[in-house]
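Okay, structure first, notes after.
Protein chains: 2
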Amino acid sequence: MIDKTFVFGHTNPDTDSIVSAISMANLQTELGNNTQSCRLGNINKETAFALKTFDFEAPTLLEKIEDNSNVIMVDNNEFGQCVPGIENAKIKMVVDHHRFNLKTDEPVHCVTEPVGCTSTIIYKLYKQNDIDISPKMAGIMLSAIISDTLLFKSPTCTVEDKKIAEKLAKIADVDLYEYGEKLLKAGTDISDYTADQIINIDSKPFDKNDIKFVISQINSADVDGVFTRKTELENSIGNEISKNNLNLYVFLVTDILKGDSKALVLGDKSNIFEKAFSVSLDNNTVLLKGVVSRKKQVLPKILENL
Amino acid sequence: MIDKTFVFGHTNPDTDSIVSAISMANLQTELGNNTQSCRLGNINKETAFALKTFDFEAPTLLEKIEDNSNVIMVDNNEFGQCVPGIENAKIKMVVDHHRFNLKTDEPVHCVTEPVGCTSTIIYKLYKQNDIDISPKMAGIMLSAIISDTLLFKSPTCTVEDKKIAEKLAKIADVDLYEYGEKLLKAGTDISDYTADQIINIDSKPFDKNDIKFVISQINSADVDGVFTRKTELENSIGNEISKNNLNLYVFLVTDILKGDSKALVLGDKSNIFEKAFSVSLDNNTVLLKGVVSRKKQVLPKILENL
Numbered sequence: 006m007i008d009k010t011f012v013f014g015h016t017n018p019d020t021d022s023i024v025s026a027i028s029m030a031n032l033q034t035e036l037g038n039n040t041q042s043c044r045l046g047n048i049n050k051e052t053a054f055a056l057k058t059f060d061f062e063a064p065t066l067l068e069k070i071e072d073n074s075n076v077i078m079v080d081n082n083e084f085g086q087c088v089p090g091i092e093n094a095k096i097k098m099v100v101d102h103h104r105f106n107l108k109t110d111e112p113v114h115c116v117t118e119p120v121g122c123t124s125t126i127i128y129k130l131y132k133q134n135d136i137d138i139s140p141k142m143a144g145i146m147l148s149a150i151i152s153d154t155l156l157f158k159s160p161t162c163t164v165e166d167k168k169i170a171e172k173l174a175k176i177a178d179v180d181l182y183e184y185g186e187k188l189l190k191a192g193t194d195i196s197d198y199t200a201d202q203i204i205n206i207d208s209k210p211f212d213k214n215d216i217k218f219v220i221s222q223i224n225s226a227d228v229d230g231v232f233t234r235k236t237e238l239e240n241s242i243g244n245e246i247s248k249n250n251l252n253l254y255v256f257l258v259t260d261i262l263k264g265d266s267k268a269l270v271l272g273d274k275s276n277i278f279e280k281a282f283s284v285s286l287d288n289n290t291v292l293l294k295g296v297v298s299r300k301k302q303v304l305p306k307i308l309e310n311l
Numbered sequence: 006m007i008d009k010t011f012v013f014g015h016t017n018p019d020t021d022s023i024v025s026a027i028s029m030a031n032l033q034t035e036l037g038n039n040t041q042s043c044r045l046g047n048i049n050k051e052t053a054f055a056l057k058t059f060d061f062e063a064p065t066l067l068e069k070i071e072d073n074s075n076v077i078m079v080d081n082n083e084f085g086q087c088v089p090g091i092e093n094a095k096i097k098m099v100v101d102h103h104r105f106n107l108k109t110d111e112p113v114h115c116v117t118e119p120v121g122c123t124s125t126i127i128y129k130l131y132k133q134n135d136i137d138i139s140p141k142m143a144g145i146m147l148s149a150i151i152s153d154t155l156l157f158k159s160p161t162c163t164v165e166d167k168k169i170a171e172k173l174a175k176i177a178d179v180d181l182y183e184y185g186e187k188l189l190k191a192g193t194d195i196s197d198y199t200a201d202q203i204i205n206i207d208s209k210p211f212d213k214n215d216i217k218f219v220i221s222q223i224n225s226a227d228v229d230g231v232f233t234r235k236t237e238l239e240n241s242i243g244n245e246i247s248k249n250n251l252n253l254y255v256f257l258v259t260d261i262l263k264g265d266s267k268a269l270v271l272g273d274k275s276n277i278f279e280k281a282f283s284v285s286l287d288n289n290t291v292l293l294k295g296v297v298s299r300k301k302q303v304l305p306k307i308l309e310n311l
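Going down the list, the sequences are from chains E and D. Add 5 to a position in the first sequence, counting from 1, and you land on the number used in this note's numbering. Add 5 to a position in the second sequence, counting from 1, and you land on the number used in this note's numbering.
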């Protein structure tokens, strides 16, 4: 088993993290390498809908990685968003589309591009290696692109993401926009979630200049409905802040129909957020017009103002 | 000028750092991007021989980079081995074959592979983009591969490096082995260098767990000749150690004919080196049989033992 390579995305996995692990493990298997796809957390509803539609099992849950294991990191390159033990694993490859925050002792095969979705890059790796993409694999890879680009509405979406999504829709034989809206809506139902679960659906921790902060994001077709639970959400966020000594917690509720986000912001460094967006929080909240991307529209602004 | 992108390798540039900057800037120019190749230090004798043979000028010397400049990092991804100001530049792309030590605020286009030479990767980027490689460009790219792989004798050399070197030799119309030996020998003449110059021909600083160390390397066809200047070299190394508060300085004299290295090791943490290689230093020196690669055979062993 020593030669086995484990492939996984980030903690609090979104659709791209799960799908990239599956599609990358499949590509490596086709290339003759002993590879296993894994996940670093629960499957969210959107991902469950995609997996069910295209008849896939969820990857194996990985809670810790053994020393010296071979790993491929997809949709992520930061140890802080990765599995415990990653510092002592052998990173064989990184395929990603996020900012860089990686340290290794040895050279690594790394393919990263500033595109909207990791699956877009993996599609190109299949092509480069002359490996066919099956209709069901095309279906989940398409789902990842729809998810990460909010059906092409996110500013992170590139011409290439859209072009490749169209090709994948053809291979999967689905109507891109009809399926896309169904998929996004499947991800927005939070009625049976506790506030703790909601803020952890897609939350990412960051750290710079000794400031610890989290940006959490959910998609919604009913933003006002989410904010009827504001007090409950504030309590959960307050607990996270004390538990992890955070200075700032940004919870974004992104309106998938309008393409805006309403932010709920807490922490002793909330003023950094206000400065970053030139806004004043009203009861800890503010509407950010046209903001849908954590990576491109929120994270860099906060980092600049630390 | 704001759109101009600057391409450069590491400080104390070797042949690959200079050639990667030239060949990458040329590729970007062919693709319609306003790009300028730069160097972060003096041209060594080996590089000068390659540039002269294939009729190239040395790239522009860059002493500092302005805030928000667009840059492409080649043959390097560590700010500690890069130009002053790099922290505030916009990194558009990284093409490299070293370990990772990179932090960025935004996603980056990154192509790194664990091959022997950056020019091997750049060759593939030319192919992917359907850009022809001219005979003279092939000549310097070939020189970089010969230099980094010690004419295929280094354990960092991959099948791909060799295959691509053979293709480049054909395009450049040179005899690979005859030219290769001439090139390597051109780099070994240190008779008119001061000891300070010798230890800085190809020296790289590293830093881990608050241990600061340098690994410097020269190639030689006459290792004993180099060690007749041992006292002089020890004084220069001692000065570097005090000036930069180093804990360890490893100076490797690599025998390009035999494929061994003789190490001269100083610093209060010399025991880390002894432990890493299970050797005892005799008068600060030891012969490392079969060791020619800093990146693959020396750096990881030291890092493991910090």
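Yeah, the Cβ is synthetic: ideal placement off N, Cα and C, and Gly gets one too.
Neighbour list for residue i in chain E, Cβ cutoff strictly below 9 Å
i: D:N106; result: L107, K108, T109
i: D:K300; result: E111, P112
Interface partners of residue i on chain D, CB under 8 Å
i: E:C87; result: Here the premise fails: no neighbours, minimum Cβ distance about 14 Å.
i: E:L361; result: Here chain E has residues from 6 to 311 only, and residue 361 of chain E is not among them.
Buried/exposed call for residue i, threshold 16 Cβ in 10 Å
i: E:T52; result: buried
i: D:S152; result: buried
i: E:V164; result: exposed
i: D:N39; result: exposed
i: D:G37; result: exposed
i: D:Y182; result: exposed
i: D:S139; result: exposed
i: D:P112; result: buried
i: D:E239; result: buried
i: D:T236; result: exposed
i: E:N288; result: exposed
i: D:S283; result: exposed
i: E:M6; result: For E:M6, the pLDDT reaches just 44, beneath the cut-off of 50, and the residue's location in the model is therefore unreliable, although a value from the coordinates is still provided. Flag for E:M6 reads exposed.
Chain E contact for residue i (CB, 8 Å cutoff)
i: D:V116; result: yes
i: D:L155; result: no
i: D:H15; result: no
C-beta neighbour in chain D for residue i, strict 8 Å
i: E:K9; result: no
i: E:L286; result: no
i: E:V12; result: no
i: E:P18; result: no
Per-residue contacts from residue i into chain D (C-beta, under 7 Å)
i: E:L308; result: D110
Neighbour list for residue i in chain D, Cβ cutoff strictly below 9 Å
i: E:V297; result: Those do not exist, as E:V297 stays about 16 Å from chain D at its closest Cβ, beyond 9 Å.
Chain-ordered chain E contacts of residue i [CB-CB under 7 Å]
i: D:N305; result: It should be noted that the sequence gives Pro, not Asn, for residue 305 of chain D. D110, E111, listed in chain order.
Under 8 Å by beta carbon: chain E residues contacting residue i
i: D:P119; result: E111, P112, V113, H114
8 Å Cβ cutoff, residue i in contact with chain B
i: E:E35; result: In the structure shown, chain B cannot be found, because the protein chains are E and D.
Q: Tell me, please, whether the region 155-168 of chain E touches the region 76-94 of chain E by the rule of three or more beta-carbon pairs shorter than 8 Å.
A: no
Q: Would you check if the region 39-50 of chain D and the region 96-104 of chain D touch, i.e. whether three or more CB-CB distances between them fall below 8 Å?
A: no
Q) Of the residues that make up the region 138-170 of chain D, which ones have a beta carbon closer than 7 Å to any beta carbon in chain E? A) none
(Q) With three or more beta-carbon pairs closer than 8 Å as the criterion, would you say the region 134-148 of chain D touches the region 17-35 of chain D? (A) yes
Q.
With a threshold of 8 Å, are at least 3 pairs of Cβ atoms found where one atom belongs to the region 186-200 of chain D and the other to the region 60-74 of chain D?
A. no
Q. Are there three or more Cβ pairs, one per stretch, closer than 8 Å when the region 116-130 of chain E is compared with the region 125-136 of chain D?
A. no
Q) Within the chosen definition, does the region 213-225 of chain D reach the region 297-305 of chain D through at least 3 CB pairs nearer than 8 Å? A) yes
Q: Tell me, please, whether the region 231-247 of chain D touches the region 107-122 of chain D by the rule of three or more beta-carbon pairs shorter than 8 Å.
A: no
Q) Pairing CB atoms from the region 250-269 of chain E with CB atoms from the region 204-221 of chain E, are three or more of them under 8 Å? A) yes
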